[in-house]
Amino acid sequence: MRLIRNKYLQYLLVGVAFLLPVLLRGVPTATVTLAASMVYTAIAGLGINVLLGYSGQISLGHAAFMGLSAYLSAYLTKQLELPFILSVLIAVAAPLLIGLILGAIAVRLEGFYLAIATLGFGEILRQLFIEMDWFTGGFSGASATYPTIFGQTLTKNGMYTFMVCLLVVLMMLVHNLVHSSTGRAMIAMKSSRSAAMAMGVNVFQYKLISFAISSVFAGLAGVCYVHFFRHVDPTVWTAGLSLNLIALVVIGGAATVGGAVVGAVVMHGLPELMKEMPIIGEIPGLPLLIVGILMIIILIFYPRGLIFVPRGIIDSIKKRFGNAKKGEV
Amino acid sequence: MVEFFQQVVGGIETGSMYALASMGLVLIFQTAKIINFSQGTLGMFMAYVCTGLILELQMPMWAAVPAAMGIAMLLGALIDHFLMNSKQNITNLSREMITLALIMIFQGLAPMLFGANETPFSKFISASALDIGGVKILPNSLLIIGITCAIMATLFIILEKTTLGVAVRATASNPQTARLQGIPVKLVTLGSWAVATALGCLAAVMVAPLKNVTVSMMDSIHLNSFIAAVLGGFSTFYGPVVASFIIGIANNLLGYYVSTKWSLPMLYALILLFIVLRPNGLFGKKIVKKV
Chain A
470 MRLIRNKYLQ YLLVGVAFLL PVLLRGVPTA TVTLAASMVY TAIAGLGINV
520 LLGYSGQISL GHAAFMGLSA YLSAYLTKQL ELPFILSVLI AVAAPLLIGL
570 ILGAIAVRLE GFYLAIATLG FGEILRQLFI EMDWFTGGFS GASATYPTIF
620 GQTLTKNGMY TFMVCLLVVL MMLVHNLVHS STGRAMIAMK SSRSAAMAMG
670 VNVFQYKLIS FAISSVFAGL AGVCYVHFFR HVDPTVWTAG LSLNLIALVV
720 IGGAATVGGA VVGAVVMHGL PELMKEMPII GEIPGLPLLI VGILMIIILI
770 FYPRGLIFVP RGIIDSIKKR FGNAKKGEV
Chain B
99 MVEFFQQVVG GIETGSMYAL ASMGLVLIFQ TAKIINFSQG TLGMFMAYVC
149 TGLILELQMP MWAAVPAAMG IAMLLGALID HFLMNSKQNI TNLSREMITL
199 ALIMIFQGLA PMLFGANETP FSKFISASAL DIGGVKILPN SLLIIGITCA
249 IMATLFIILE KTTLGVAVRA TASNPQTARL QGIPVKLVTL GSWAVATALG
299 CLAAVMVAPL KNVTVSMMDS IHLNSFIAAV LGGFSTFYGP VVASFIIGIA
349 NNLLGYYVST KWSLPMLYAL ILLFIVLRPN GLFGKKIVKK V
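Chain order of the listed sequences is A and B. The first sequence: position 325 = 794 (the numbering used here), numbered continuously. The second sequence: position 118 = 216 (the numbering used here), numbered continuously.
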């Protein structure tokens, strides 16, 4: 029991579960593609969770950060033929820098003003993606290849495995972060800014840190996207994606490490599942409608997030079991 | 100079649509303290309903638009009653995510009920342009601007001069205190949702002749109404309306004198800079939180 409670082991198990489509034989490649989109959104969602769930700030510009990294990585590996690791570092450094600038702005802005400011920023970036066609390929987009790491060129499954490993490592890092003094300071800042300041928490510094971390995660997610799907175009990086990232964090469970992963699986899995259904999938619009309704049901009945559902069930069973015992006595 | 005024008039016309949409956003934000992300999508859906009323039920335009606005009010009230107030223990963030789910629901419903094809939508008045000192103005644009101004004036008179307005403003400033004073806070938010959805519907019907009725027709209006609400300041009712007109006009002028491609990014950058310098918008007041 104690071993199962170990968080690192749980994260590893999540990783193994994600690797099943690659390990098992006879799984269609479409499943791997679907799982890959779950993994890259989960990575970005982890970052959003640090920003929103733990430090209580909203950003609607992170989809554009993902796009920026995706384009940069595609450009650096393909046009400049830099090694993969180096181009990843550069591609992630760019959103980090922008994230720091936005974080500095965020100190002055609260709640919705911050949300819309980041939204405007994201739209500017997206317009740049469309117009700077020497760099991004304009509307038709840019292409990339599977990366070469230490002389090994990855296959599709190899790239997927790499993404899953990255996700597991990032989950562990977030776990460590939120259990450190930095994490505690962020949580304090979320529950009450004034109280946190009174306790000596440097709000400016921690807002910057949370923005920086979430930007780096968004960047990594963008890099994963471009090297898995090997193509990137500006239609993906809209404010709608940023909103979806926030939605999956809330649905999965804000301020939990696993929440973003659960949310990403549900938000990507449900629409695909609905499209595959025999009758539902054939009527245009119906899958979207059902996902919307399910989302509302989840939000109303599990306001803390899906990740608390198993615990809720165990608690209710325990309660019933306990009552039965009392009845016997 | 004629061209300048031509651009300004065009800006006022698009600004009117932004103003209607952002007024809806602010009404809900002030009374219910949430951002309604589905405002644009609800408007889109109601534009489909309005086309349905005209094409299927053969209703004339002057009857179909008010009818659609009536349905929109009902829809808004239903959403508030069944989804927003269903449970007390969900956070405002969760409520905002519910509005996000509403986007999916209505984007799914629209093609199911009305088909996936683009539908053209005729103008209110199809008369040719008037020439006022060289500036060409379509009577339809005049009507749009006129309706918007009339609605804004009515709303402001209600908000400032009537008991109902006092109830809305009291709810906006503090729901708990308002409830203690005997103000039916739930009814006020219900009414705000109803009026806001109707305003979104009207904005969509005004956009419809320009863009046809499609699922994505309201995207840019919705985005700009957000930006207008922030530029004007979420804490006032008139700020976002003024900012809507500023954005409409500035976008047109930047597009004409600088660059069509870059007008919107430049405008956003300017607004971003402005918000950083004045974090509460043009007219917003800083609300100092007491511990």
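Every residue gets a Cβ at the ideal spot worked out from N, C-alpha and C, and that includes glycine. Keep in mind that this is a model prediction, so the values were computed, not measured.
Between the options, which has its C-alpha nearest residue i's C-alpha?
i                      : options                       : result
residue 325 of chain B : B:307, B:312, B:311 and B:345 : B:345
residue 111 of chain B : B:305, B:216 and B:362        : B:305
residue 239 of chain B : B:343, B:221, B:232 and B:254 : B:221
residue 331 of chain B : A:578, A:710 and A:696        : A:578
residue 559 of chain A : A:679, A:537 and A:580        : A:537
residue 852 of chain A : A:679, A:603 and A:591        : The structure shown does not extend to residue 852 of chain A, since chain A is modelled only from 470 to 798, so the question has no answer here.
residue 709 of chain A : A:626, A:628, A:585 and A:681 : A:585
residue 624 of chain A : A:510, A:498 and A:639        : A:498
residue 367 of chain B : A:589, A:681 and A:666        : A:589
residue 689 of chain A : A:518, A:524 and A:562        : A:562
residue 644 of chain A : A:692, A:510, A:522 and A:565 : A:522
residue 395 of chain B : B:353, B:147, B:362 and B:333 : Coverage of chain B is limited to positions 99 through 389, which leaves residue 395 of chain B absent and any answer about it impossible.
residue 543 of chain A : A:680, A:702 and A:481        : A:702
What separation, rounded to the nearest whole angstrom, lies between the Cα atoms of residue i and residue j?
i                      : j                      : result
residue 380 of chain B : residue 339 of chain B : 11 Å
residue 420 of chain A : residue 575 of chain A : The first residue shown for chain A is 470 and the last is 798, placing residue 420 of chain A beyond what the model contains.
residue 649 of chain A : residue 656 of chain A : 11 Å
residue 572 of chain A : residue 132 of chain B : 23 Å
residue 114 of chain B : residue 684 of chain A : 36 Å
residue 116 of chain B : residue 475 of chain A : 53 Å
residue 273 of chain B : residue 284 of chain B : 9 Å
residue 719 of chain A : residue 195 of chain B : 8 Å
residue 704 of chain A : residue 258 of chain B : 44 Å
residue 781 of chain A : residue 721 of chain A : 14 Å
residue 613 of chain A : residue 171 of chain B : 49 Å
residue 138 of chain B : residue 123 of chain B : 10 Å
residue 484 of chain A : residue 723 of chain A : 20 Å
residue 118 of chain B : residue 297 of chain B : 6 Å
residue 371 of chain B : residue 121 of chain B : 23 Å
residue 377 of chain B : residue 581 of chain A : 11 Å
residue 229 of chain B : residue 102 of chain B : 15 Å
residue 635 of chain A : residue 507 of chain A : 13 Å
residue 669 of chain A : residue 661 of chain A : 13 Å
residue 288 of chain B : residue 180 of chain B : 10 Å
residue 207 of chain B : residue 726 of chain A : 34 Å
residue 161 of chain B : residue 301 of chain B : 16 Å
residue 478 of chain A : residue 675 of chain A : 29 Å
residue 107 of chain B : residue 714 of chain A : 39 Å
residue 593 of chain A : residue 329 of chain B : 16 Å
residue 791 of chain A : residue 530 of chain A : 49 Å
Taking C-beta pairs closer than 8 Å, name the residues in chain A that residue i reaches, listed in chain order.
i                      : result
residue 374 of chain B : 574, 577, 578 and 586
residue 184 of chain B : 769
residue 369 of chain B : 589
residue 366 of chain B : 589, 590, 592 and 593
residue 202 of chain B : 757, 758, 760, 761 and 764
residue 195 of chain B : 715, 716, 719, 720, 764 and 768
In chain A, what lies closer than 7 Å to residue i by C-beta?
i                      : result
residue 191 of chain B : 719
Over the uninterrupted alpha helix (DSSP H) stretch that includes residue i, give me the two end residues.
i                      : result
residue 647 of chain A : 625-647
residue 266 of chain B : 261-271
residue 314 of chain B : It is not in any alpha helix (DSSP H) - residue 314 of chain B carries neither H nor E in the DSSP assignment.
residue 354 of chain B : 336-355
residue 591 of chain A : 580-600
residue 477 of chain A : 476-492
residue 208 of chain B : 190-212
residue 131 of chain B : Here residue 131 of chain B belongs to no alpha helix (DSSP H), and DSSP marks it neither H nor E.
residue 740 of chain A : 728-745
residue 137 of chain B : 137-153
residue 770 of chain A : 755-770
If you follow the beta strand (DSSP E) that residue i is part of, which residue opens it and which one closes it?
i                      : result
residue 234 of chain B : 233-235
Quick one: what's residue i bridged to in DSSP?
i                      : result
residue 229 of chain B : B:234
residue 622 of chain A : A:617
residue 390 of chain B : Any property of residue 390 of chain B remains undetermined from this structure, which presents chain B solely from 99 to 389.
residue 701 of chain A : A:611
For a contact defined as C-beta to C-beta under 9 Å, what are the partners of residue i on chain A?
i                      : result
residue 359 of chain B : 596, 599 and 600
residue 362 of chain B : 592, 593 and 596
residue 205 of chain B : 754, 757, 758 and 761
Below 7 Å on C-beta distance, what does residue i contact in chain B?
i                      : result
residue 752 of chain A : 210
For residue i, go through chain B and note every residue whose CB falls closer than 8 Å to its CB, in chain order.
i                      : result
residue 608 of chain A : Going along chain B, no residue has its Cβ under 8 Å from residue 608 of chain A, so there is no contact; the nearest lies around 13 Å.
residue 582 of chain A : 328, 332, 373, 377, 378 and 379
Chain B partners of residue i, CB-CB under 9 Å?
i                      : result
residue 772 of chain A : 185, 187, 188, 189 and 192
Check whether the Cβ of residue i lies closer than 8 Å to any Cβ atom in chain D.
i                      : result
residue 677 of chain A : Included in the structure are the protein chains A and B, with no chain D among them.
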